[in-house]
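Since the structure comes first, as structure tokens, the remarks are kept for the end.
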Amino acid sequence: MSVPMKREQRGLMPDLFDLLELPLAGFRPTGQQIRFEDYTDDGRYVLRAEVPGIDPERDVEITVANGILTIHAERRQEEKRGHRTEFRYGSFTRSIPLPPNADENDVKASYDNGILEVKVRLAEEKERAKRIPISMEKGSTEKGSTEQGTA
């Protein structure tokens with residue numbers, strides 16, 4: 018079963034990652050934007066990225082550190098004379114925050130028909146808060162009583 022991931026807005030200010038996804042962000046001089054979709058499926062976080070026209074063994078690097086998944090790809094232009102191209106060449110990098118319960122030691126990646134798919138195992142959700150019982154020790158005073166010494 019697939020469950021789409023929904024990123025919640027935090028307050029009145031948009032999330033920094035949302036700002037980077039604006040339509041004109043792809044025209045940044047620092048490189049092109051990798052388009053992706055993400056969802057959870059069968060206890061795994063799944064990220065699918067469009068990276069057509071590359072050799073995944075040679076031109077793609079995937080790293081995970083400190084809760085961030087980073088995909089770096091490079092599409093190389095073949096040297097041809099007297100031609101016109103509208104293809105995009107160069108380096109492409111995208112960093113995506115992982116869910117808090119993602120297991121960074123269990124990450125698998127595959128590539129098929131221009132789609133890079135990365136799957137990260139999700140650990141069981143932990144309880145947010147656990148109530149701790151308080152035991153009464155011998156010699157402790159009960160609620161409302163006080164000890165008074167004599168001088």
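Here the sequence shown stands for residues 18 to 168, where the numbers follow the working numbering.
Note that beta-carbon positions come from the ideal geometry of N, C-alpha and C, so glycine has one too.
On a predicted model such as this, the values are computed, not experimentally measured, just so you know.
Using the DSSP secondary-structure output, state which residues sit across from Gly107 in a beta bridge. Paired residues: Arg92.
Contact defined as beta carbons within less than 8 Å: I believe Ile88 pairs with Arg111. What is the distance between those atoms, to the nearest angstrom? The beta-carbon separation of Ile88 and Arg111, rounded to 5 Å, stays under the 8 Å limit for a contact.
Where does Glu101 fall in DSSP's three states? Contrary to the premise, residue 101 reads as Arg rather than Glu in this sequence. It is coil, neither helix nor strand.
Helix, strand or coil for Asp76? Go by DSSP, reduced to three states. Annotated three-state conformation of Asp76 is helix, per DSSP.
Measure the beta-carbon distance from Arg75 to Arg138 and round it to whole angstroms, keeping in mind my assumption that it falls under 8 Å. Contact between Arg75 and Arg138 does not hold, since their C-beta atoms are separated by about 27 Å, which reaches or exceeds 8 Å.
Using CA coordinates, which residue listed in Ile151, Pro114, Asp129, Asp72 is at the minimum distance from Tyr56? Comparing alpha-carbon positions, the option among Ile151, Pro114, Asp129, Asp72 lying closest to Tyr56 turns out to be Pro114.
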